[in-house]
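I have placed the structure first, in the form of structure tokens, so that the comments after it can refer back to it.
Residue numbers (the working numbering): 138 to 323.
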């Protein structure tokens, strides 16, 4: 049979594909979620839907929502979701080395990062990364950190279904690039 090979990714995150695409090896995110974790995620999603007023406020100012999301994804708890060497190597193979730019030329690096992310953020990859991101949702909901939970949920949704570079994808790629070059310095 002819045609392209499609690698299916688990809908719930974790597993070999997550280890290949991210830096989650050795963390709880490397394991596929069990039924209890999936139930916690579903319950967190249900509880989050009750926070529509806060979600409306969050989405009212897209610039502030994006800035909040970027700041959130810099937290250490998201380090296991940084792009792994396989994704970074593919970015470099397809788009070349990232440009070294000065502060006046930051837009050139931003363009590179956007293009490189779009090369590797194919539908299955997006779904897996979004599923991995949603696994942290219960911790925010259980702590009553609604703005953080809304940001995680929104970024997971936009990552899985969109074709845009979400704050989540942008920071995971940027941190993955930094780690890649730190580990592979000549």
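C-beta atoms are modelled at their ideal positions from N, C-alpha and C, and glycine is treated no differently.
What you are looking at is a predicted structure, and each value in this text was computed from that prediction instead of being measured.
Note: residue 220 is bridge-paired with 159 in the DSSP secondary-structure output. Take residue 224, set aside five residues on each side of it, and the residues of its chain with a beta-carbon closer than 7 Å to its own are 158, 257 and 313, in chain order. Around the beta-carbon of residue 279, fewer than 16 other beta-carbon atoms lie within 10 Å, marking it exposed.
Excluding its 5 nearest sequence neighbours in each direction, residue 300 has no C-beta neighbour in its own chain below 6 Å.
Proximity of the segment 160 to 167 to the segment 249 to 267 falls short of the contact definition, fewer than three beta-carbon pairs being nearer than 8 Å.
Between residue 316 and residue 219, the C-beta gap is smaller than 8 Å, which places the two residues in contact. The count of Cβ pairs closer than 8 Å, one atom from the segment 261 to 273 and one from the segment 168 to 185, reaches three, so the stretches are in contact.
Put simply, the backbone Cα of residue 192 is about 43 Å away from that of residue 322. The Cβ atoms of residue 203 and residue 304 lie closer than 8 Å to each other.
Residue 213 and residue 311 have their alpha carbons spaced roughly 14 Å apart. The shortest C-alpha to C-alpha distance from residue 264 to any of 282, 231 and 296 is the one to 296. In the structure shown, residue 225 falls within a helical segment according to DSSP collapsed to helix, strand and coil.
Our two residues, residue 277 and residue 151, have alpha carbons roughly 19 Å apart in a direct line.
Taking 8 Å as the upper bound for CB-CB distance, residue 215 and residue 288 are not in contact here, some 11 Å apart. DSSP, read as helix, strand or coil, puts residue 239 in coil.
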